[in-house]
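Heads up, the thing below is written out as structure tokens.
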Amino acid sequence: MDEISFDDFLKVDVRVGTVVRAEPYPEARKPAIKVWVDFGGDLGEKKTSAQITKHYTPAALIGRQVMAVVNFPPRQIGKFMSEVLLLGLPDVDGEIKLAVPDGDVPNGGRMH
1 MDEISFDDFL KVDVRVGTVV RAEPYPEARK PAIKVWVDFG GDLGEKKTSA QITKHYTPAA
61 LIGRQVMAVV NFPPRQIGKF MSEVLLLGLP DVDGEIKLAV PDGDVPNGGR MH
């Protein structure tokens, strides 16, 4: 793995937000969920598509805090424009579980 400088790390803007809306994304090539996250402040609400259907349903995501990279350029995922990248980790079967804060924190908080 290539080493990066601390300045490189600072370029990645990881923020916390609360899921305000989620719905199935049956048109996706792999099972996915469309997710809208409120990051508060200047960032406001952003949307994304996430392949997290093994551990989450759309209804179970509402109100959950999640962490996401918010400064990638938007990316077209099928017919849906993804604006952020939710962060997660693979379980023993390689299925993604979301990386989340240990407790409630204000929306928009930046990871340090």
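For the sequence shown, position 85 matches number 85 in full-length UniProt numbering, and the numbering has no gaps at all. The beta-carbon is built from N, C-alpha and C at its ideal position, and this holds for glycine as well.
Going along the chain, which residues of its own chain have a beta-carbon closer than 7 Å to the beta-carbon of residue 46, five neighbours each way excluded? Exclusion of the five residues before and after residue 46 leaves 37, 39, 70, 83 and 84 as the residues of its chain whose Cβ lies within less than 7 Å of its Cβ.
Indicate whether the contact test is met: 3 or more Cβ pairs, each with one atom in the region 88–96 and one in the region 1–9, closer than 8 Å. no
Residue 11: buried (16+ other C-beta within 10 angstroms of its C-beta) or exposed? exposed
Spatially closest choice to residue 76 from 50, 103 and 43, by CA coordinates: 50
I need the boundaries of the beta strand (DSSP E) containing residue 47, first residue and last residue. 45–50 is the extent of the beta strand (DSSP E) around residue 47.
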